[in-house]
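Novice: I have a structure here, written as structure tokens, and I will follow up with some questions on it.
In this note's numbering, the protein residues as written are 42 to 612.
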């Protein structure tokens, strides 16, 4: 998770603790509630079922471990090569269309991996149009790569997840000072060595952070690996849950998947190392991009065009073709408005709850230095790094116990059967979403609160305004933009979420993501185009937010570089 810059340290807790105490207490209680699913999964390891583990060991546990490790390695190599390479091109060189590619290369983030996955499978599988054309051109026995294999899964996830590495690496490259390169050249470092020995080592923290985010997303994926029949822990949890109806075995698998996630946390810290990177100058003089010419310029533009074309234009274009073909035809599902309404309802409710909860927790942290509150909030923020299937298991266990307790109470007191009040309604699903995506809102709200000087709070308190009044009259007006941004990010992530929705949704309550999974499981590619394109359109919203935030840095660095090029004696 991102940490506060040194210039904006957390403000000291205010005096008058009796008036501020409710906020830290509320933040701590909410943190305990949100962290409960994580604690439930971890606690299952305290009382392991040896029969279940023995059965898993003799069946497919080793296959799951090997497939998951292979997926992490393959996707990790892919996103590093693609993300660093593209970030290096658009940051260090100028070529035709460079400014346009700076933000076009972010667009693949808008498409869920399972959407690109089923589009590629429909196009490049043995019965797809590409292979059919290929065999007609070169004969029926000509070789063609198998898109439905391990390589296809890695390719799909790499194309979707490389923007994590690209964005953070590009930002780090733009923040590098030209004086560092000048010093390296003065010491005899050649141009090739500047990349590997100077610039990339300085950008290592950003690269590792982007890699960790990409690998966590790959570890949490269910839709893509399910469509490609590639067995990982997320697929196994679903099959054990709904195929064998064995929630205990699902919990054991979820606990092991949790350890994979924690392993990524540890790996990130180890790869970052103990080195600290900081600029010593008051104002950083950015690196002047080198202008390419001739075939090199067009090769760079071609490489960027190829990635954008394959990762965004091709899948979106194919979805549009399918959508136009199915609208008004027999493939059109008349229940689409219902799926859309279900999705929007869940997303809106979760976004509002996440923003409100994050505001309470962030304000509680601002008013308190309690280590317990800080620890609780940090633990509650881990949900975003956990797969949805793990959270679903952790949510179901306590809610099922609570359902049974409520049923017994109502039966004894009123003589009625309550049914599944929590696990059979949207309560469990919304709670799982909140656990999964609360970290987005917390990080956004906390980062904005840190920038508000404590003097404003103390001035309002000296005039007799209570802590609630300070939050309502001072902080909320300043936080409107951040709260809106957090709400958009949570809203879109809920629209995309598949494994938690499949495991916890009420019977018959399908969303767009669930409908995509149902249709693609039966190879109804064209029918899945409309719900998939709806999610893609929604996914573009946070990408536009990212572009808006990244663009000022890019333009500022570019203007400074151009000014230096035009200044006499600057070369």
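Each residue gets a CB set at the ideal place from its N, CA and C atoms; glycine is no exception.
Computed from a prediction, not measured in an experiment: that's the story for all the values here.
Using the Cβ count rule (16 or more neighbours within 10 Å means buried), how would you classify residue 289?
Specialist: As a first step, residue 289 is located in the chain shown; it is residue number 248 there, counting from the start. With fewer than 16 Cβ atoms within 10 Å of its Cβ, residue 289 is classed as exposed.
Novice: Note the first and the last residue of the continuous alpha helix (DSSP H) segment covering residue 269.
Specialist: Within the chain shown, the letter at position 228 stands for residue 269. It is not in any alpha helix (DSSP H) - residue 269 carries neither H nor E in the DSSP assignment.
Novice: Do we get a CB-CB distance below 8 Å when we pair residue 103 with the residues of chain B?
Specialist: The displayed structure is made up of one protein chain only, and chain B is not part of it.
Novice: Could you give the distance in angstroms between the alpha-carbon of residue 119 and the alpha-carbon of residue 354?
Specialist: On the chain shown, position 78 is the one that residue 119 refers to. On the chain shown, position 313 is the one that residue 354 refers to. Cα-Cα distance, rounded: 20 Å.
Novice: Expressed to the nearest angstrom, what Euclidean distance is found between the alpha-carbon atoms of residue 64 and residue 437?
Specialist: As a working mapping, residue 64 is identified with position 23 in the chain shown. As a working mapping, residue 437 is identified with position 396 in the chain shown. Taking the straight line joining both Cα atoms gives about 28 Å.
Novice: Buried or exposed for residue 321, please, with buried defined as at least 16 other CB atoms from any protein chain shown within 10 angstroms of its CB.
Specialist: Translated into positions along the chain shown, residue 321 becomes position 280. With a pLDDT of only 48 at residue 321, under the threshold of 50, the placement of this residue in the model should not be trusted, and no figure is reported.
Novice: In terms of residues, what are the limits of the alpha helix (DSSP H) holding residue 125?
Specialist: Taking the first residue of the chain shown as 1, we reach residue 125 at position 84. Looking at the DSSP string, the run of the alpha helix (DSSP H) that includes residue 125 is 102-133.
Novice: Where residue 418 and residue 580 are concerned, what is the direct C-alpha to C-alpha distance, given to the nearest angstrom?
Specialist: As a first step, residue 418 is located in the chain shown; it is residue number 377 there, counting from the start. As a first step, residue 580 is located in the chain shown; it is residue number 539 there, counting from the start. Going by the C-alpha atoms only, they are around 27 Å apart.
Novice: In the region 386-429, which residue ranges form an unbroken alpha helix (DSSP H) of at least 4 residues, counting only runs that do not cross its ends?
Specialist: Complete alpha helix (DSSP H) runs here, min 4: 412-421.
Novice: Report the partner residues of residue 211 according to the DSSP bridge assignment.
Specialist: As a position in the chain shown, residue 211 is number 170, starting the count at 1. For residue 211, which the question treats as bridged, DSSP gives no partner whatsoever.
Novice: For residue 492, name the three-state secondary structure that DSSP assigns.
Specialist: The sequence position of residue 492 within the chain shown is 451, counting from 1. It is coil, neither helix nor strand.
Novice: Are residue 162 and residue 189 close, meaning C-beta to C-beta below 8 Å?
Specialist: Within the chain shown, residue 162 is the residue found at index 121, counting from 1. Within the chain shown, residue 189 is the residue found at index 148, counting from 1. Their beta carbons are under 8 Å apart, which means residue 162 touches residue 189 by this criterion.
Novice: Excluding five sequence neighbours on each side, which residues of the same chain lie with their C-beta closer than 6 Å to the C-beta of residue 254?
Specialist: Position 213 of the chain shown, counted from the first residue, corresponds to residue 254. Closer than 6 Å at Cβ, skipping near neighbours: 205.
Novice: Answer yes if the region 529-540 comes into contact with the region 335-348, meaning at least three C-beta pairs across the two stretches below 8 Å, and no otherwise.
Specialist: No, because fewer than three Cβ pairs between the region 335-348 and the region 529-540 fall closer than 8 Å, the two stretches do not touch.
Novice: Per DSSP, which residues does residue 521 bridge with? Please list them.
Specialist: Numbered from 1 along the chain shown, position 480 holds the residue referred to as residue 521. DSSP lists no partner for residue 521.
Novice: Give the single residue among 477, 468, 337, 386 whose Cα lies nearest to the Cα of residue 423.
Specialist: Position 382 of the chain shown, counted from the first residue, corresponds to residue 423. Measuring from the Cα of residue 423, the nearest candidate turns out to be 477.
Novice: Tell me which same chain residues have a C-beta within less than 6 Å of the C-beta of residue 441, skipping the five on either side of it?
Specialist: Your numbering for residue 441 matches position 400 in the chain shown. Here the set comprises 464.
Novice: Beta-carbon within less than 7 Å of residue 265's beta-carbon, same chain only, minus the 5 sequence neighbours each way: which residues are those?
Specialist: Your numbering for residue 265 matches position 224 in the chain shown. Once the five neighbours on either side are set aside, the close Cβ partners of residue 265 are 154, 155, 158, 194, 197, 198.
Novice: For residue 150, does the count of other Cβ atoms within 10 angstroms reach 16, so buried, or fall short, so exposed?
Specialist: Reading the chain shown from its first residue, position 109 is the one you call residue 150. Per the 10 Å Cβ criterion, buried.
Novice: When DSSP labels each residue in this structure, what does residue 176 get in the three-state scheme?
Specialist: For this step, residue 176 is matched to residue 135 along the chain shown. Helix, per DSSP.
Novice: Could you check whether residue 394 and residue 520 sit closer than 8 Å to each other, using their CB atoms as the reference points?
Specialist: Working through the chain shown from its first residue, we reach residue 520 at position 479. Working through the chain shown from its first residue, we reach residue 394 at position 353. Going by C-beta atoms, residue 520 is not nearer than 8 Å to residue 394.
Novice: Verify whether the separation of the beta carbon atoms of residue 202 and residue 258 is less than 8 Å.
Specialist: Within the chain shown, the letter at position 161 stands for residue 202. Within the chain shown, the letter at position 217 stands for residue 258. In this structure, residue 258 lies closer than 8 Å to residue 202 by Cβ.
Novice: Just to confirm my understanding: we take residue 134, look at its own chain, exclude 5 residues before and 5 after, and list those with CB closer than 7 Å. What are they?
Specialist: On the chain shown, residue 134 is found 93 positions in, with the first residue counted as 1. Same-chain partners within the cutoff: 330, 331, 333, 341.
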